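Sequential numbering of the sequence shown, starting at 49, is according to this note's numbering.
A virtual CB, placed ideally from N, CA and C, is assigned to each residue, including glycine.
What you are looking at is a predicted structure, and each value in this text was computed from that prediction instead of being measured.
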Amino acid sequence: MNPLKFLAALPQPVKTFYILFFIVFVVTFVSVPLGARDVTRWASGALGLVAILLGLSMLTNLNGSATAMSKYLKESKPMGVDYSGSFVASPAYARFFGGFFAFVGGMFVFTSLNSSEMWGS
């Protein structure tokens, strides 16, 4: 599965949310071994916020994003597997995945905002 072709197949703003998610993920991933606690905390909160936006876009099928994702999965046959008859390649699954993604993003934001070091405890 080619990530650039995948991004090209998605509509806006989902395409932008995926790019932002990757950028913020890299910043978060790099900040952890560097020991930059404040950067890690805010970057993980930003990661959660982008995950919420991406998840809600998929959940609501914004601009046909869930449909486009399932269509790409059917046509691309990632790792040589034909998902065309599978529930995984349906818009309903993409919407379910989007809802779960938004929920996990909310947990990232909640944890980031409620960390004890942020409030001086």
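- Message: Are there any heavy atoms of the ligand FAD lying less than 7 Å away from the beta-carbon of residue 132, as far as the coordinates show?
- Response: The model depicted lacks the ligand FAD and carries no ligand whatsoever.
- Looking at the unbroken alpha helix (DSSP H) that takes in residue 141, where does it start and where does it end? 139–161
- Query: Ends of the alpha helix (DSSP H) at residue 133?
  - Reply: From DSSP, residue 133 is part of no alpha helix (DSSP H); its letter is neither H nor E.
- Query: On the three-state DSSP scale, how would you describe residue 53?
  - Reply: helix
- Query: For the stretch 93–107 against the stretch 145–152, are there 3 or more C-beta pairs whose distance is under 8 Å?
  - Reply: yes
- Message: I need the DSSP call for residue 109, collapsed to helix, strand or coil.
- Response: Reduced to three states, the DSSP call for residue 109 is coil.
- Item | Cβ-based burial, residue 95 [other Cβ within 10 Å; buried from 16] | buried
- Task: Go ahead and label residue 132 buried or exposed: buried means 16 or more other beta carbons lie within 10 angstroms of its beta carbon, across all protein chains shown.
- Result: exposed
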